[in-house]
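S.K.: The structure under discussion is supplied below as structure tokens; questions concerning it will follow.
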Amino acid sequence: MSEGEGGTDDGTEAADDKADEATRHLAVVVAKPRTESVIDALEAEGVYDPDRSVESWDADGVAVPVTAPPETVEVRGIVQQVGERRLRSLADHLRQRGWTDDELDAAPSSWAVVGSVVLVAMGDAPRPREVGEALLALHGEADTVLARNGISGVHREPSVEVIAGEGDTETVHTEHGTEYALDLAEVMFSPGNKAERVRMGDVVAPGDRVLDMFAGIGYFTLPMARAGAEVIAVECNPTAFRYLVENTMRNGVDGLVEPYRADCREVVDTGIDGGPVDRVVMGYYEAWEYLDHALAALAPGGTVHMHETTPEHLVFERPIERLEAAAAEAGRSVELLDTRRVKSHSEGVVHVVVDARVT
Ligand SMILES: C[S@@+](CC[C@H](N)C(=O)[O-])C[C@H]1O[C@@H](n2cnc3c(N)ncnc32)[C@H](O)[C@@H]1O
563 MSEGEGGTDD GTEAADDKAD EATRHLAVVV AKPRTESVID ALEAEGVYDP
613 DRSVESWDAD GVAVPVTAPP ETVEVRGIVQ QVGERRLRSL ADHLRQRGWT
663 DDELDAAPSS WAVVGSVVLV AMGDAPRPRE VGEALLALHG EADTVLARNG
713 ISGVHREPSV EVIAGEGDTE TVHTEHGTEY ALDLAEVMFS PGNKAERVRM
763 GDVVAPGDRV LDMFAGIGYF TLPMARAGAE VIAVECNPTA FRYLVENTMR
813 NGVDGLVEPY RADCREVVDT GIDGGPVDRV VMGYYEAWEY LDHALAALAP
863 GGTVHMHETT PEHLVFERPI ERLEAAAAEA GRSVELLDTR RVKSHSEGVV
913 HVVVDARVT
């Protein structure tokens, strides 16, 4: 039998095609809440197949497409996944629903998958429900799509609307190994702050004593405590506070986090157990109004991370001036350590953070 020269060796070639065909439809079955971390791990191992959709497998499991059986990722099983090639984009799915090019121009260009929920700002998209269904088809790991209509009030409460799926807004989001349980209809979650959440886990040292004045569900507190810091986490919104406490246990850091359901100014005024801290985190747009309390809690030589929303033409001088003025007021001085743009907040306004050592 000769090979390759137009001659067909139908025995083995057919067998090869069959083997190829088999691997071309492989998928691993995992529990739904693990979808995100499993996709990350499969990508890291180089066997995740992005050309096929993640699909529901059974009541609480999903089938994640792979190009080969994974060696390092723990899975329930390896299966043959049926179903057509993945439509790669929202536009593909909407075109399949008959959307015209003009209509597609009004479709959302960005969204975020937070646990099992897709968060999307709808803008002036013509048929939001179809966008929702298309996003569910695009993200097999999700079961609900929420339209975001802004965040307001001291408690930063979200205004959202269920536009597709089961309508279950409570979920667990995993990010760099940190688990965030939350109800996206009750408490805010900013996908754009992801890098900043991760960075807070990197800047702390084990044993650092930190005051998180606006802790929420533990956006910064959890990565810092997972890195070994001792965190005094203050949150005044009862719902966010409930998730904060749950999340410290969920991440196994309840021994390192001291949660206070209170106004952070009261906690500082009452006096912090163990005395002034090494670091103060102020993840709140009006943080500058709390600088006197932040500095009162900060040990000499400690670091403050102050967030604010700043008009483009005042980036970074305004937050720096506010920090220097508050320090001078307290008879202290500021050494600038870092300035960062966290994300675009709105037209001409940037969410920034300034890190400074205060002597
Ligand atoms: C904007 S959120 C935190 C966002 C978080 N930094 C992030 O990166 O996503 C601010 C949180 O501070 C809480 N908060 C506002 N004023 C407060 C105060 N005086 N004391 C304690 N918590 C406060 C709000 O309830 C809200 O949960």
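Residue numbers for the sequence shown follow the working numbering, beginning at 563 and rising by one.
Yeah, the Cβ is synthetic: ideal placement off N, Cα and C, and Gly gets one too.
Buried or exposed for residue 771, going by 16 or more other Cβ atoms inside 10 Å?
M.R.: Buried.
S.K.: May I ask you to report which of helix, strand or coil DSSP gives residue 794?
M.R.: Residue 794: strand per DSSP, three-state reduction.
S.K.: Counting Cβ pairs closer than 8 Å, one from the segment 830 to 837 and one from the segment 800 to 808, do we hit at least three?
M.R.: No, the segment 830 to 837 is not in contact with the segment 800 to 808.
S.K.: Looking at residue 878 and ligand 1, is the gap between the Cβ and the nearest heavy atom below 7 Å?
M.R.: Incorrect: residue 878 has no Cβ contact closer than 7 Å to ligand 1.
S.K.: With H, G and I counted as helix, E and B as strand and the rest as coil, what does DSSP make of residue 786?
M.R.: Three-state result, residue 786: helix.
S.K.: Residue 641 to residue 598, Cα distance in whole Å?
M.R.: Distance between the alpha carbons of residue 641 and residue 598 is about 19 Å.
S.K.: Is it the case that the Cβ atoms of residue 617 and residue 606 are separated by a distance below 8 Å?
M.R.: Contact flag unset, no.
S.K.: Between residue 910 and ligand 1, is the CB less than 7 Å from at least one heavy atom?
M.R.: No.
S.K.: Beta carbon of residue 638, beta carbon of residue 741: below 8 Å?
M.R.: No; because the gap between Cβ atoms is not below 8 Å, this pair is not in contact.
S.K.: Does the segment 760 to 770 come close enough to the segment 683 to 695 to have 3 or more Cβ pairs within less than 8 Å?
M.R.: No, the segment 760 to 770 is not in contact with the segment 683 to 695.
S.K.: Does the segment 873 to 880 come close enough to the segment 722 to 730 that 3 or more CB-CB pairs lie under 8 Å?
M.R.: Counting Cβ pairs under 8 Å, fewer than three are found: no touch.
S.K.: Can you check which of these residues, 906, 902, 861 and 919, is closest to residue 886 by C-alpha distance?
M.R.: Nearest option by C-alpha distance: 919.
S.K.: Determine the contact status of residue 791 and residue 820, defining contact as a CB-CB distance below 8 Å.
M.R.: For residue 791 and residue 820, no; Cβs fall outside 8 Å.
S.K.: Residue 750 by DSSP, collapsed to three states: which one?
M.R.: If DSSP states are grouped into helix, strand and coil, residue 750 belongs with coil.
S.K.: Throw me the rounded Cβ distance for the residue 858 and residue 840 pair, which I believe falls under 8 Å.
M.R.: In fact, because the Cβ distance is near 15 Å, the residues do not count as touching under 8 Å.
S.K.: Check whether the Cβ of residue 837 sits closer than 7 Å to any heavy atom of ligand 1, and report yes or no.
M.R.: No, Cβ of residue 837 sits at least 7 Å from all heavy atoms of ligand 1.
S.K.: Considering Cα atoms alone, identify which of 593, 871, 672 and 815 is closest to residue 909.
M.R.: Minimum Cα distance to residue 909 is reached at 871.
S.K.: Alpha carbons only, please: which of 669, 864 and 898 is nearest the one belonging to residue 922?
M.R.: Shown here, the chain extends from 563 to 921; a query on residue 922 therefore has no answer.
S.K.: Please state the DSSP three-state secondary structure of residue 825.
M.R.: Looking at residue 825 - three-state DSSP - the assignment turns out to be coil, as it is neither helix nor strand.
S.K.: Using a threshold of 7 Å, is the CB atom of residue 614 nearer than that to any non-hydrogen atom of ligand 1?
M.R.: The answer is no for residue 614.
S.K.: So, at 8 Å on beta carbons, what are the nonlocal neighbours of residue 701 in its own chain, with the 5 sequence-adjacent residues on each side left out?
M.R.: If we look at residue 701 and ignore the five residues flanking it on each side, its Cβ neighbours are 616, 675 and 680.
S.K.: To the nearest angstrom, how far is the alpha carbon of residue 635 from that of residue 826?
M.R.: Distance between the alpha carbons of residue 635 and residue 826: 42 Å.
S.K.: Kindly list the residues whose CB is nearer than 7 Å to the CB of residue 604, restricted to its own chain and excluding five residues on each side of it in sequence; keep chain order.
M.R.: Excluding residues within five positions, the ones whose Cβ falls inside 7 Å are 610, 626, 628, 632 and 635.
S.K.: Just to check my reading of the structure: residue 746 and residue 720 have Cβ atoms closer than 8 Å, yes? What is that Cβ distance to the nearest angstrom?
M.R.: Contact holds; Cβ gap of about 7 Å.
S.K.: Just the C-alpha distance for residue 947 and residue 810, rounded to the nearest angstrom, thanks.
M.R.: Residue 947 lies beyond the residue range present for the chain, which begins at 563 and ends at 921; the question has no answer from this structure.
S.K.: Mind checking who residue 726 pairs with in its DSSP beta bridge?
M.R.: For residue 726, which the question treats as bridged, DSSP gives the partners 707.
S.K.: Tell me whether residue 906, by its Cβ, gets closer than 7 Å to a heavy atom of ligand 1.
M.R.: Checking every heavy atom of ligand 1 against the Cβ of residue 906, none is found closer than 7 Å.
S.K.: Mind checking if residue 916 is an interface residue toward chain C, Cβ cutoff 8 Å exclusive?
M.R.: Although the question refers to chain C, the structure presented lacks it and comprises just one protein chain.
S.K.: Could you pull the start and end residues of the alpha helix (DSSP H) that residue 599 belongs to?
M.R.: Here the alpha helix (DSSP H) through residue 599 covers 597 to 607.
S.K.: Whole angstroms are fine: how far does the CA of residue 744 sit from the CA of residue 733?
M.R.: Going from the Cα of residue 733 to the Cα of residue 744 covers about 6 Å.
S.K.: What did DSSP end up calling residue 626 once you bin it into helix, strand or coil?
M.R.: Note: residue 626 maps to strand in three-state DSSP.
S.K.: Does the Cβ of residue 600 have 16 or more other Cβ atoms within 10 Å, making it buried, or fewer, making it exposed?
M.R.: Buried, by the Cβ-count rule.
S.K.: Whole angstroms is fine: what's the gap from residue 671's alpha carbon to residue 683's?
M.R.: C-alpha separation (whole angstroms): 9 Å.
S.K.: Using the C-alpha atoms, what's the distance from residue 778 back to residue 710?
M.R.: If you take the alpha carbons of residue 710 and residue 778, they lie about 18 Å apart.
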